[in-house]
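The next block holds one structure in the form of structure tokens; read it before the comments.
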Amino acid sequence: MKNIDKIDPFDTTVEKTNVGVITTLLTEVEISAKDSISFGTQSLLTNYVYKENESYNLVYTAVSIDGSIESFVEEDGILPTQFLNPDGENYISLVPYHPDKELEISIPVFNRENIDLPKGNRPFVGEFIGVSNQFSIFYDIDFWSDTKPDKMLAIEFKNGELKKKHNIKVQLPRNNKIFIENNEIHLLTKEGNSWLHRQIDEKGNEIRQRRFKTSSKSILQTLSLSFDKSSYLLVQDKGKISMEIVYENGENSRMDLIDIKDPFFNTWRPTKIAEDTFVTRFNGEFGNGWFTTKNDVLLEIFYSKGEKGYKNLLTEEVLELKRNNLVISSINKTQDNSYAVVLYPMTEGRDKNRELMVLNRGIE
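Written out as structure tokens, the structure reads:
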């Protein structure tokens, strides 16, 4: 295959603030943010960059922690899903144009000169979770059904090359939260009046399970799951953010982190940035933001409520931005205890968004 070419579709500005380094990408017509993922100590963004004739390019942009960028164009492909292979190399699943079929291929983002164009597969719509042994793991839940089992895609690699895609129906019960660490795949779901915690292998076979109860009726996100050490589960009661700690013996306790007075509408799967340290993004009626925890300790929480930007509610530190009503597109790790937040301004009606911002931040 041919390697991707460099492209320069943005006017770029870099600003150092008290919160971190902000890179602003401005394009002539329109930009549509898709995703971001770790790329060594950089962030790799996927975006649609539009032209005057309403066609668009799929553009990869590598953003360094100092704010500098480099962009590349994909000649043929839509619906990009980024992932890492077990060696930490950046891969992309996308759908090349075909007049009759919509088939997905998975290829390296860079260094393609020694591979052939693979045969396409039926697209998998799930989210990339992480790697376990020689597999890249994706997971999907059908929120429109109360009966369909969850699905897992395990992309198998051998000697650094993609070998086979395994599509797996996960044994019921469904609607699991998934966590991967140290080549272990953990699932957690509510069953009856207790929680079912299972460990499975890359083919979906159950290795072990346990049940436990907590004081919380629902769990927003799993920060960690383990049979051999404490597990940390994110919960919220009205506006109070708390952590449920489940010990190896199934007993549990609850640690309150902060009361922001406003309930969340949504939270997203936490991003691990260091050992036991995770960044979780959220939105609600009065704004959005993100917070960082280490086990049951809240390290920071940035919230847009009442701000043209974001305020760290622990320190009163404010990240002032030129625009308000910002959408958080994605968050990814760059290096230990450092992360990037990708944002863009919300538009109304037929207005087109031309701007993307990337905040690179490190915490102590």
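With my numbering applied, the sequence shown covers 139 to 502.
Even for Gly, the Cβ is constructed at its ideal location relative to N, Cα and C.
#1: Mapping DSSP to helix, strand and coil, what is His236?
#2: If contacts are defined as beta-carbon pairs under 8 Å, then Ile169 and Val187 qualify, I think. What distance do you get, rounded to the angstrom?
#3: Taking only three categories from DSSP, how would you classify Thr161?
#4: Return the chain-ordered list of same chain residues with a C-beta closer than 6 Å to the C-beta of Ile253, the five sequence neighbours on each side being excluded.
#5: With three or more beta-carbon pairs closer than 8 Å as the criterion, would you say the stretch 357-374 touches the stretch 329-349?
#6: For Thr472, which of helix, strand or coil comes out of DSSP?
#7: Using only the alpha-carbon positions, how far apart do Phe402 and Ser174 sit?
#8: Look up Val211 in the DSSP assignment and say whether it is helix, strand or coil.
#9: Is Asp143 near Val211, with beta carbons less than 8 Å apart?
#10: Expressed to the nearest angstrom, what Euclidean distance is found between the alpha-carbon atoms of Glu454 and Phe365?
#11: For Ile398, name the three-state secondary structure that DSSP assigns.
#12: Assess, as a yes-or-no matter, whether the stretch 260-274 is touched by the stretch 288-299 under the definition of 3 or more beta carbon pairs within less than 8 Å.
#13: For Val480, which residues does DSSP report across the bridge?
#14: Based on the DSSP output, what are the partners of Ser170 in its beta bridges?
#15: Could you name the residues that DSSP lists as bridge partners for Pro246?
#16: Classify Asn305: buried if its beta carbon has 16 or more other beta carbons within 10 angstroms, exposed otherwise.
#17: So, using beta-carbon positions, are Lys341 and Leu326 closer together than 8 Å?
#18: Give the DSSP-derived three-state secondary structure of Met139 in the structure shown.
#19: Whole angstroms are fine: how far does the CA of Ile207 sit from the CA of Leu497?
#20: Closest by CA to Ala412, which one among Thr431, Ser283, Ile345, Leu300?
#21: Using alpha carbons as the reference points, say which of Thr150, Leu222, Arg312, Ser380 lies closest to Leu300.
Result, derived from the coordinates:
#1: If you number the sequence shown from 1, residue 236 lands on position 98. Under the three-state reduction of DSSP, His236 is assigned to coil, being neither helix nor strand.
#2: Here residue 169 refers to the residue found at position 31 of the sequence shown. Here residue 187 refers to the residue found at position 49 of the sequence shown. Yes, Ile169 and Val187 are in contact; Cβ-Cβ is about 5 Å, under 8 Å.
#3: By one-based count along the sequence shown, residue 161 stands at place 23. Correct three-state label for Thr161: strand.
#4: Walking along the sequence shown from the start, residue 253 turns up at place 115. Met139.
#5: Verdict: yes, contact present.
#6: Taking the sequence shown and counting its residues from 1, the one referred to as residue 472 is at position 334. Thr472: coil per DSSP, three-state reduction.
#7: Translated into the one-based positions of the sequence shown, residue 402 becomes position 264. Translated into the one-based positions of the sequence shown, residue 174 becomes position 36. Spanning the two alpha carbons is a distance of roughly 23 Å.
#8: Working through the sequence shown from its first residue, we reach residue 211 at position 73. Residue state, collapsed to three classes: strand.
#9: What you label residue 143 is simply residue 5 of the sequence shown in a count that begins at 1. What you label residue 211 is simply residue 73 of the sequence shown in a count that begins at 1. Yes, the pair counts as a contact, with Cβ atoms nearer than the cut-off.
#10: Taking the first residue of the sequence shown as position 1, residue 454 is located at position 316. Taking the first residue of the sequence shown as position 1, residue 365 is located at position 227. Taking the straight line from one Cα to the other gives about 38 Å.
#11: Here residue 398 is taken as the residue at index 260 of the sequence shown, counted from 1. Reduced to three states, the DSSP call for Ile398 is coil.
#12: Touching, per the Cβ criterion.
#13: Along the sequence shown, one-based indexing puts residue 480 at 342. Looking at the DSSP output, Val480 bridges to Ser468, Val496.
#14: Within the sequence shown, residue 170 is the residue found at index 32, counting from 1. Answer is Tyr186.
#15: Residue mapping note: residue 246 aligns to position 108 of the sequence shown, counting from 1. Answer is Tyr229, bridged to Pro246.
#16: The residue given as residue 305 occupies position 167 in the sequence shown. If you draw a 10 Å sphere on the C-beta of Asn305, you find fewer than 16 other C-beta atoms in it, and that means exposed.
#17: Position 203 of the sequence shown, counted from the start, is the residue given in the question as residue 341. Position 188 of the sequence shown, counted from the start, is the residue given in the question as residue 326. Contact flag unset, no.
#18: To locate residue 139, count along the sequence shown from 1; it is residue 1. In the three-state scheme derived from DSSP, where H, G and I count as helix and E and B as strand, Met139 is classed as coil.
#19: What you label residue 497 is simply residue 359 of the sequence shown in a count that begins at 1. What you label residue 207 is simply residue 69 of the sequence shown in a count that begins at 1. For the pair Leu497 and Ile207, the Cα-to-Cα distance works out to about 13 Å.
#20: As a working note, residue 412 is residue 274 in the sequence shown. Of the candidates Thr431, Ser283, Ile345, Leu300, the one whose C-alpha sits nearest the C-alpha of Ala412 is Thr431.
#21: Here residue 300 refers to the residue found at position 162 when the sequence shown is read from its first residue. The residue among Thr150, Leu222, Arg312, Ser380 with its C-alpha nearest the C-alpha of Leu300 is Leu222.
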